[in-house]
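Start counting at 1 in the sequence shown, then tack on 200, and there's your number in my numbering.
Okay, structure first, notes after.
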Amino acid sequence: MSETAATDDQRRVVEVEDECSTVRTDEGRTIAYAEYGTPGGAPVVFFHGTPGSGVLGELFHSAARESDVRVLAIDRPGYGRSDGWSGRTLADTERFVLPVLDDAGVASAKVVGFSGGGPHALALAATSPERVEAVDLVSASPPPSLVEGTPRTVRVLEILANRVPWLLRGSVRAQAWLAARTSPALVVSQYTSNGGADVPGPVAEVVRRDFVAAVAGRGEGLVTESRLLHGEWDVSPGDVDAPVRIWHGDADANVPLDSAHRLADALPNAELTILEDADHLNALLECRTDVLSDY
Numbered sequence: 201m202s203e204t205a206a207t208d209d210q211r212r213v214v215e216v217e218d219e220c221s222t223v224r225t226d227e228g229r230t231i232a233y234a235e236y237g238t239p240g241g242a243p244v245v246f247f248h249g250t251p252g253s254g255v256l257g258e259l260f261h262s263a264a265r266e267s268d269v270r271v272l273a274i275d276r277p278g279y280g281r282s283d284g285w286s287g288r289t290l291a292d293t294e295r296f297v298l299p300v301l302d303d304a305g306v307a308s309a310k311v312v313g314f315s316g317g318g319p320h321a322l323a324l325a326a327t328s329p330e331r332v333e334a335v336d337l338v339s340a341s342p343p344p345s346l347v348e349g350t351p352r353t354v355r356v357l358e359i360l361a362n363r364v365p366w367l368l369r370g371s372v373r374a375q376a377w378l379a380a381r382t383s384p385a386l387v388v389s390q391y392t393s394n395g396g397a398d399v400p401g402p403v404a405e406v407v408r409r410d411f412v413a414a415v416a417g418r419g420e421g422l423v424t425e426s427r428l429l430h431g432e433w434d435v436s437p438g439d440v441d442a443p444v445r446i447w448h449g450d451a452d453a454n455v456p457l458d459s460a461h462r463l464a465d466a467l468p469n470a471e472l473t474i475l476e477d478a479d480h481l482n483a484l485l486e487c488r489t490d491v492l493s494d495y
């Protein structure tokens, strides 16, 4: 990255930190969220991946401004600046999202879920249908019941989270420490099929900062979600009445394409768009403008 680009990125980091808002849930937990795009624009809630943080919402900033969209990017419990919540389930999603919508003055919104954020987007639509207008899922994790051949990395995370959570916390914090001090490629390679060689430098830097911010809460969010996403869901895709658009790359090694087909079949009102030659991260980069253009 050039010196000028790095300086611009540093300015954006400060801007995001200054704009970060926090709310309290009914249980007294602090939930943080950042805003991108156009203030006063059509509201869209963005659910980051697992692990992740609201920092990733920055990837939508330019597209959101062009489409007059206001993006609310939430740090889910245990990530970024949000308090942990080890016992939460997918059905609890509304308990930390609705306070954000109320704080932002939003009666209803469209929601976008990337990777591990997909199940949370579906959960909110299922439990609070009056607050969700439509759903977009990008490289989304499906219910375990729809998966054949879980990727090895996912199996390892689930085992660590259930048997030795302290080891998973330590491992991810060590990765974050290293990621903050080395090339963004260390993080980007986890979400791409070619090591991220085709990912623009500024995008790679956002992905790195997202990962580092994700474990600011000692890795509790990853431990919690490695359990709840890969165990039995307490919400069903069949309970989602809102229209759902699924965007998935045919080169996604993190969440294989066949899972997206099964998820589309399980939803009452879903449309699947297959992105040719796109991996886990590049699917998000390719469709982000289209995801917001109709809003």
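Built from N, CA and C at the ideal position, the CB exists for glycine as well.
Consult DSSP for residue i and reduce its assignment to one of helix, strand or coil.
| i | result |
| --- | --- |
| S221 | strand |
| W377 | helix |
| V347 | coil |
| P342 | coil |
| D226 | coil |
| G305 | coil |
List the residues that DSSP assigns as beta-bridge partners of residue i.
| i | result |
| --- | --- |
| Y236 | V271 |
| F411 | Beta-bridge pairing links F411 to no other residue. |
| L472 | I446 |
| P243 | R270 |
| F296 | For F296, which the question treats as bridged, DSSP gives no partner whatsoever. |
| D336 | V312 and R445 |
Tell me the rounded alpha-carbon separation between residue i and residue j.
| i | j | result |
| --- | --- | --- |
| R224 | V271 | 20 Å |
| T473 | R373 | 35 Å |
| V388 | G395 | 7 Å |
| L346 | T392 | 23 Å |
| L428 | A478 | 27 Å |
| R295 | W285 | 11 Å |
| S426 | A264 | 30 Å |
| A205 | A404 | Confidence is the limiting factor: at A205 the pLDDT is only 36, short of 50, which leaves the residue's position unreliable and the question unanswerable from this model. |
| H320 | S493 | 22 Å |
| G252 | E486 | 19 Å |
| V406 | Y279 | 16 Å |
| V297 | P342 | 21 Å |
| A232 | I274 | 6 Å |
How should residue i be labelled, buried or exposed, when 16 other C-beta atoms within 10 angstroms of its C-beta is the threshold for buried?
| i | result |
| --- | --- |
| P468 | exposed |
| R381 | exposed |
| E330 | exposed |
| L496 | Only positions 201 to 495 of the chain appear in this structure, which leaves residue 496 out of reach. |
| G305 | exposed |
| D398 | exposed |
| P243 | buried |
Starting from the C-beta of residue i, find all residues in its chain whose C-beta is less than 6 Å away, skip the five residues before and the five after it, and write them out in chain order.
| i | result |
| --- | --- |
| D303 | V223 |
| V444 | V335, L467 and A470 |
Kindly list the residues whose CB is nearer than 8 Å to the CB of residue i, restricted to its own chain and excluding five residues on each side of it in sequence; keep chain order.
| i | result |
| --- | --- |
| A385 | G395, G396 and A404 |
Go through its chain and collect everything with a Cβ distance to residue i's Cβ below 7 Å, but skip five positions before and after it.
| i | result |
| --- | --- |
| D283 | R229, T230 and P277 |
| R488 | L259, F260 and A263 |
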